[in-house]
Ligand SMILES: [Zn+2]
Ligand SMILES: [Zn+2]
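Quick look at the structure:
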């Protein structure tokens, strides 16, 4: 086992150099005295936690002196952040959302993620199966990322912001903070007195709303006996959102996919042949008209079909958030504007209105420097700045410092002396 993959000492020195000149620009989170902080170093695996700071200069001094590989703070507020968990005195928490491309199922993962069964040695690309052919579930995984993963994560974040602003009424400037996580995703923090004291179950309900858990077609008017007069496409909340989701799904799904859904014969045929009519009906009439005009009379079957359609449609509209992160009221979350030890990139706060133009592969790559010589074990293709690097396998390369750091932080290479 070669332990130097990642050349930790080299990476630690680069982090340290960066913190020495940049820690002074890192703002502490608001209400610093009520937050718990936690850090990981390059040397050990122990997390240093239950750390508190009385002011921003002590906080910055810590970053400069320790140049952590990973930095976190509590989304919660505590009376005694340095005390053990039970004695901290919880006094509320921001509402946080985590969107991580690692949880998505994406085609591109087959290009940059690998797994290996520790039991029988079988290996594969993408995500590991639930169980290996040998019957065990002990996998080593290697997960990288690409432009596509980051774009998908950004899309999900935009959908989340949409729901938070339009349906919950949070103010884009005052209440919402968006951070690039520094690796594969984004974090959204809601800082508002209205949510601060929400317990786990209140947060769970918010998650359910955002994931549209439990929405049934009949709740939004898709029933054969509906009596509504007007289209739901302009309605507020999930009624309008789900209506639009159905509209977009019907509009954009190719016939072969519609056929593969195994819906009733009449509905399948009409979804393909009378698509324009159906869309027009949705635009101008109550959804019940669609059922009456375009589905069979077998009510039970029709409702089951609609539920299938709606589930697919809603998946495109709901934001893919990590449930556990949002419902945990003692969560440690990555500290904005610090460096991420698994990429060498910066966790960055982005103005929500700038999110659509934000390119982490340019903006978050903050460590600069000249070429470094590496031996690369394996690395998929990645764009950094304007240049595409790799794929590399078992070769020596000379790459600019930020690229070298990325390959090293992912443990795919080591520095050649
Ligand atoms: Zn196996
Ligand atoms: Zn990808």
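In my numbering, the protein residues as written are -14 to 402.
No residue lacks a Cβ here, since even glycine has one placed at the ideal position from N, Cα and C.
With distance defined between alpha-carbon atoms, name the residue in 2, 20 and -9 nearest to residue 317.
The residue labelled residue 317 in the question sits at position 332 within the chain shown. Closest by C-alpha distance to residue 317, out of 2, 20 and -9, is 20.
Give me the Cα-Cα distance between residue 367 and residue 69, rounded to the nearest whole angstrom.
Residue numbering aside, residue 367 sits at position 382 when the chain shown is read from its first letter. Residue numbering aside, residue 69 sits at position 84 when the chain shown is read from its first letter. Using only the alpha carbons, I get a separation of about 42 angstroms.
Cut-off 6 angstroms between Cβ atoms - residues of its own chain near residue 274, not counting five sequence neighbours on either side
As a working mapping, residue 274 is identified with position 289 in the chain shown. The beta carbon of residue 274 sits closer than 6 angstroms to those of 266, all from its chain and outside the five residues before and after it, given in chain order.
With distance defined between alpha-carbon atoms, name the residue in 338, 115 and 135 nearest to residue 101.
Along the chain shown, read from residue 1 onward, the residue named residue 101 stands at position 116. The residue with the shortest Cα to Cα distance from residue 101 is 115.
With C-beta atoms as the reference, is residue 288 less than 8 angstroms away from residue 365?
The residue labelled residue 288 in the question sits at position 303 within the chain shown. The residue labelled residue 365 in the question sits at position 380 within the chain shown. In this structure, residue 365 does not lie closer than 8 angstroms to residue 288 by Cβ.
Alpha carbon to alpha carbon, what distance is there between residue 3 and residue 42?
The count along the chain shown starts at 1 and reaches residue 42 at position 57. The count along the chain shown starts at 1 and reaches residue 3 at position 18. When rounded, the distance between both Cα atoms is 17 angstroms.
Write down every uninterrupted run of the alpha helix (DSSP H) in the segment 181 to 207 whose length is 4 residues or greater and which is fully enclosed by it, in chain order.
185 to 195
To the nearest angstrom, how far is the alpha carbon of residue 228 from that of residue 239?
By one-based count along the chain shown, residue 228 stands at place 243. By one-based count along the chain shown, residue 239 stands at place 254. Near 19 angstroms, if we compare the C-alpha coordinates of residue 239 and residue 228.
Say whether the segment 96 to 112 touches the segment 69 to 84, bearing in mind that this needs 3 or more beta-carbon pairs closer than 8 angstroms, one atom from each stretch.
no
Shortest alpha-carbon distance to residue 284 belongs to which of 337, 210 and 363?
Within the chain shown, numbered from 1, the residue matching residue 284 stands at position 299. The shortest C-alpha separation from residue 284 is found at 210.
Taking only three categories from DSSP, how would you classify residue 3?
Position 18 of the chain shown, counted from the first residue, corresponds to residue 3. DSSP places residue 3 in helix when its eight states are reduced to three.
Going by the beta-carbon positions, is the gap between residue 143 and residue 346 smaller than 8 angstroms?
Stepping through the chain shown from its first residue, residue 143 is reached at position 158. Stepping through the chain shown from its first residue, residue 346 is reached at position 361. No, Cβ-Cβ distance for residue 143 and residue 346 is not below 8 angstroms.
Under a criterion of Cβ closer than 5 angstroms to any non-hydrogen atom of ligand 1, which residues qualify, in chain order?
102, 104, 105, 107, 117 and 119
Identify, in the order they occur along the chain, each residue of the same chain with its Cβ nearer than 7 angstroms to the Cβ of residue 360, setting aside the five sequence neighbours on each side.
Taking the chain shown and counting its residues from 1, the one referred to as residue 360 is at position 375. Cβ neighbours of residue 360 beyond the five flanking positions: 381, 398, 399 and 401.
What's the call for residue 18, buried or exposed, on a 16-neighbour Cβ count within 10 Å?
Here residue 18 refers to the residue found at position 33 when the chain shown is read from its first residue. Per the 10 Å Cβ criterion, exposed.
In chain order, which continuous runs of the beta strand (DSSP E) of length 3 or greater are located wholly inside the segment 24 to 96?
32 to 36, 55 to 59, 61 to 63, 75 to 78 and 80 to 85
Measuring only from the beta carbon, is residue 346 closer than 7 angstroms to any heavy atom that is part of ligand 2?
As a working mapping, residue 346 is identified with position 361 in the chain shown. Every heavy atom of ligand 2 is 7 angstroms or more from the Cβ of residue 346, so no.
If residue 82 sits next to residue 311, beta carbons under 8 angstroms apart, how far is it from one beta carbon to the other, in whole angstroms?
Here residue 82 corresponds to residue number 97 of the chain shown, with the count starting at 1. Here residue 311 corresponds to residue number 326 of the chain shown, with the count starting at 1. With 8 angstroms as the limit, residue 82 and residue 311 qualify as a contact, their Cβ atoms being about 6 angstroms apart.
Start-to-end residues for the beta strand (DSSP E) that takes in residue 393:
Residue numbering aside, residue 393 sits at position 408 when the chain shown is read from its first letter. Not the beta strand (DSSP E): residue 393 falls in the alpha helix (DSSP H), residues 386 to 394.
Residue 441, buried or exposed, once every other Cβ within 10 Å from all chains shown has been counted against 16
Any answer about residue 441 is impossible in this case: the structure gives the chain only from -14 up to 402.
Is the beta carbon of residue 88 within less than 7 angstroms of some heavy atom of ligand 2?
Numbered from its first residue, the chain shown carries residue 88 at position 103. No, ligand 2 has no heavy atom inside 7 angstroms of this Cβ.
Report, in whole angstroms, the separation of the C-beta atoms of residue 64 and residue 76, which I expect to be a contact under 8 angstroms.
Sequence index remark: in the chain shown, residue 64 carries index 79 (1-based). Sequence index remark: in the chain shown, residue 76 carries index 91 (1-based). The pair is a contact, with the Cβ atoms about 6 angstroms apart (cut-off 8 angstroms).
With a CB to CB cut of under 7 angstroms and the five nearest residues on each side skipped, what residues in its chain are close to residue 278?
Here residue 278 corresponds to residue number 293 of the chain shown, with the count starting at 1. Only residues of its own chain outside the window of five on either side were considered, and among them 266 have a CB closer than 7 angstroms to the CB of residue 278, listed in chain order.
Who's in the neighbourhood of ligand 3, going by beta-carbon under 5 angstroms from any heavy atom, listed in chain order?
Ligand 3 is absent from the structure shown, which contains only ligand 1 and ligand 2.
Terminal residues of the alpha helix (DSSP H) in which residue 263 lies:
For this step, residue 263 is matched to residue 278 along the chain shown. Note, residue 263: alpha helix (DSSP H), 260 to 269.
For a quick check, are the C-beta atoms of residue 170 and residue 86 less than 8 angstroms apart?
Taking the chain shown and counting its residues from 1, one reaches residue 170 at position 185. Taking the chain shown and counting its residues from 1, one reaches residue 86 at position 101. Yes.
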